[in-house]
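Residue numbers for the sequence shown follow the numbering used here, beginning at -15 and rising by one. Just so it is clear, CB atoms sit at the ideal spot from N, CA and C, and this is done for glycine as well. Notes follow the structure.
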Amino acid sequence: MQAFLAYGVTTLHNPSLHNSLGYVERGRIESGLMVGPRLFQTGMIIYGASSSYFHQDIASMREAREALIRIKAEAGNASWSYKNYNLPTRAARQRLLTAAREVGMLCVPEGVSIHLFL
């Protein structure tokens, strides 16, 4: 982390860091136990494919809000963005974007083209 500061990097946004890991690192930096830049992360991904551990349908605005509020609750002010993978419908992505505007979050989208598997 000191190397980031040495090169003038004062803020990091990690789009793949789970909130619990970011919480530990951020806590060490903020308490002075570790030297490093400000740290922000997206938290656990919102995943639309079939993995049972990560899967979320986002079939309603309520589900979209709940998913984002969970991420914000886990990391507090350090989580102002979320990351989504493989949401199967455009409607699900739009629900998340609408809910994100309401709760003041940004989207870090990532996906895979269905055409790769045809």
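(request) Identify, in the order they occur along the chain, each residue of the same chain with its Cβ nearer than 6 Å to the Cβ of A59, setting aside the five sequence neighbours on each side. (result) N3 and G27
(request) With a threshold of 16 other CB atoms inside 10 Å of the CB of R85, please say whether the residue is buried or exposed. (result) exposed
(message) Taking 7 Å as the limit between beta carbons, can you name the residues of its chain near L(-11), skipping five residues before and five after?
(response) V19, G20 and P21
(request) From the DSSP output, in three-state form, read off T29 for me. (result) Sequence check: residue 29 is Ile here, not Thr. In the structure shown, I29 sits in coil (DSSP, three-state: anything other than H, G, I, E or B).
(message) Only counting the same chain, and skipping five residues up and downstream in sequence, which positions put a Cβ closer than 6 Å to that of A51?
(response) I30 and Q40
(request) Pick helix, strand or coil for S0, following the three-state DSSP scheme. (result) coil
(message) If you reduce the DSSP assignment to three classes, tell me which class L71 lands in.
(response) coil
(request) Alpha carbon to alpha carbon, how far is V87 from E94? Give it in angstroms, no decimals. (result) 21 Å
(request) Can you tell me which of P(-1), Y37 and N70 puts its alpha carbon nearest to the alpha carbon of Q25? (result) P(-1)
(message) I42 and A48 - do their beta-carbons sit closer together than 9 Å?
(response) yes
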